[in-house]
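2 protein chains.
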Amino acid sequence: MSNAQLFPGYTERVDTSGTRWLSADEQVTWRAFVGSCHAFFAAIDTQLQRDAGMPLAYYEILVRLSEAPDRQLRMTQLAEATAASKSRASHAVARLEERGWVRRRDCPTDRRGQLAELTDEGYAVLAAAAPGHVEQVRRTLFDPLTPEQVQQVTVISTAIMAAVGSPQPCEPPCEEDGASCPVPAP
Amino acid sequence: MSNAQLFPGYTERVDTSGTRWLSADEQVTWRAFVGSCHAFFAAIDTQLQRDAGMPLAYYEILVRLSEAPDRQLRMTQLAEATAASKSRASHAVARLEERGWVRRRDCPTDRRGQLAELTDEGYAVLAAAAPGHVEQVRRTLFDPLTPEQVQQVTVISTAIMAAVGSPQPCEPPCEEDGASCPVPAP
DNA sequence: TTCATTTGATTGAGTAATCAACGACTATCA
DNA sequence: TGATAGTCGTTGATTACTCAATCAAATGAA
């Protein structure tokens, strides 16, 4: 295996294996992207863990439930809404249930089904966590960017989402959706 | 706790608690960003796991080692280079050592220190994994974006990194760095 | 009806990440 | 020299995520 093949000097080109290696600029972009995403979500998680005792993934579950009619969601819907596998949703809800923030109910229309329901305590915890979390998102995402850059984040995110082949970016609910006073998330 | 306080109707404003809630547009941006990052890195990990039997975090360790002089790095340097804790680096290197891709050596100048060294087998595994990984990165990040948007990714990532307060985006090494034929990464 | 298929959700095993605690060594300064 | 503080790296416990297997109920075709 030759070095030339493995290390084409950061020039934009295709080698004998047909690989379209990254150019020097693309390397910079890629590493900046990976590094910033890592640092960003680590900071989000650290703040939430410290101030609310939960990671972002759990926070998102509480948010989706808070936005749902009657604060209830079928397990499968919850999994889809949080971009998680059914297994992950099931495990996570089990933990949240231990803390008393979520409760499981039998689905009245499908005896296989389960409804995850946000408890009053869960709602209170979410409401208490929201301001600090939103402030953290603002400080590290919106404040450092210009309005044009924020718009670009939306456009770029949508393009990546489409390329990855995922359903679509998860929209916040409409106000007439029947959601019962959701916490403003994010 | 009032709903008005918790759910200010997606208008941009500050409520009585002083929280700067997200506007409707910001909600869309935030959810698109979170969703696309999640989907993107999940796809990257899926491809690497399927075709090379390792997650991105392990791939990055092999890349940093491949770029280092003598393919060696002190554990602390490796942790910094991969934006990981020492603990995480230590655990990860232990797994990679079990697979024979990395070897530990005593540091000659500091008897507390350990050097993680990429083995020939590890290098071969990395070289074999690189084309598929780079192709995945291209398909899901660079191909769907315009050159201007790619440039914006760099600028925006740098701004976020600075706001998070992390050292700086990890640069790819210069060619005169003494690196021993690194795999082109990412 | 009966049987096969699909869907809904959970479980358990295996792997990975975090956190706090620790042992070993170095550096500094009296 | 000796005491103290700091650095290097590992360990073990806890928690989280993934994957494959499983069970139960609904669906649909013969």
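Residue numbers (my numbering), protein chains in the order written: chain U, 30 to 215; chain P, 30 to 215.
Beta carbons are placed, not taken as given, at the ideal position from N, Cα and C, and that holds for glycine.
Just so you know, these numbers come straight off a predicted model, no measurement behind them.
With 16 other CB atoms within 10 Å as the buried threshold, where does residue i fall?
i	result
Ser186 of chain P	buried
Ser114 of chain P	exposed
Ser65 of chain P	buried
Glu127 of chain U	exposed
Thr58 of chain U	buried
Arg117 of chain U	exposed
Arg60 of chain P	buried
Ser46 of chain U	exposed
Ala123 of chain P	exposed
Ala71 of chain U	exposed
Glu41 of chain U	With a pLDDT of only 44 at Glu41 of chain U, under 50, the local geometry of the prediction cannot be trusted, and the value read off the model is given with reservation. Exposed, by the Cβ-count rule.
Asn32 of chain U	Summary for Asn32 of chain U: the model assigns pLDDT 31, below 50, so the residue's position carries little reliability; its value from the coordinates is reported in the next sentence. Exposed, by the Cβ-count rule.
Who are the Cβ neighbours of residue i in its own chain at under 6 Å, not counting the five residues just before and after it?
i	result
Ala81 of chain U	Ala158
Gln101 of chain P	Leu144, Glu146
Leu125 of chain U	Val131
Gln106 of chain P	none
Ala86 of chain P	none
Val63 of chain P	none
Ala108 of chain P	Lys115, Ala118
With which residues is residue i paired in a DSSP beta bridge?
i	result
Arg131 of chain P	Contrary to the premise, residue 131 of chain P reads as Val rather than Arg in this sequence. According to DSSP, which records beta bridges pairwise, Val131 of chain P is partnered with P:Leu147.
Gln101 of chain P	P:Glu146
Cutting at 8 Å between CB atoms, please list the residues of its own chain near residue i, excluding the five before and the five after it.
i	result
Gly129 of chain P	Thr148, Glu150, Gly151
Phe69 of chain P	Thr169, Leu170
Tyr88 of chain P	Leu77, Ala81, Leu155, Ala158, His162
Gly194 of chain U	none
Arg133 of chain U	Val122, Glu126, Gln143, Leu144, Ala145, Glu146
Glu164 of chain U	none
Could you give the C-beta distance for residue i and residue j, rounded to a whole number, given that I count them as a contact under 8 Å?
i	j	result
Ala121 of chain U	Ile73 of chain U	Going by Cβ atoms, the distance from Ala121 of chain U to Ile73 of chain U rounds to 17 Å, so no, they are not a contact pair.
Arg216 of chain P	Thr111 of chain P	Only positions 30 to 215 of chain P appear in this structure, which leaves residue 216 of chain P out of reach.
Arg103 of chain P	Cys136 of chain P	6 Å
Ala192 of chain U	Pro160 of chain P	In fact, because the Cβ distance is near 19 Å, the residues do not count as touching under 8 Å.
Excluding the 5 residues preceding and the 5 following residue i in the sequence, name in chain order all residues of the same chain whose CB lies nearer than 7 Å to its CB.
i	result
Pro84 of chain P	Asp74, Leu77, Gln78
Ala188 of chain P	none
Hey, is the region 166-181 of chain U in contact with the region 177-184 of chain P, meaning 3+ C-beta pairs nearer than 8 Å? yes
Cβ contact (3+ pairs, closer than 8 Å) linking the region 129-140 of chain U and the region 47-58 of chain U: Between the region 129-140 of chain U and the region 47-58 of chain U, the count of C-beta pairs closer than 8 Å stays below three; the two stretches do not touch.
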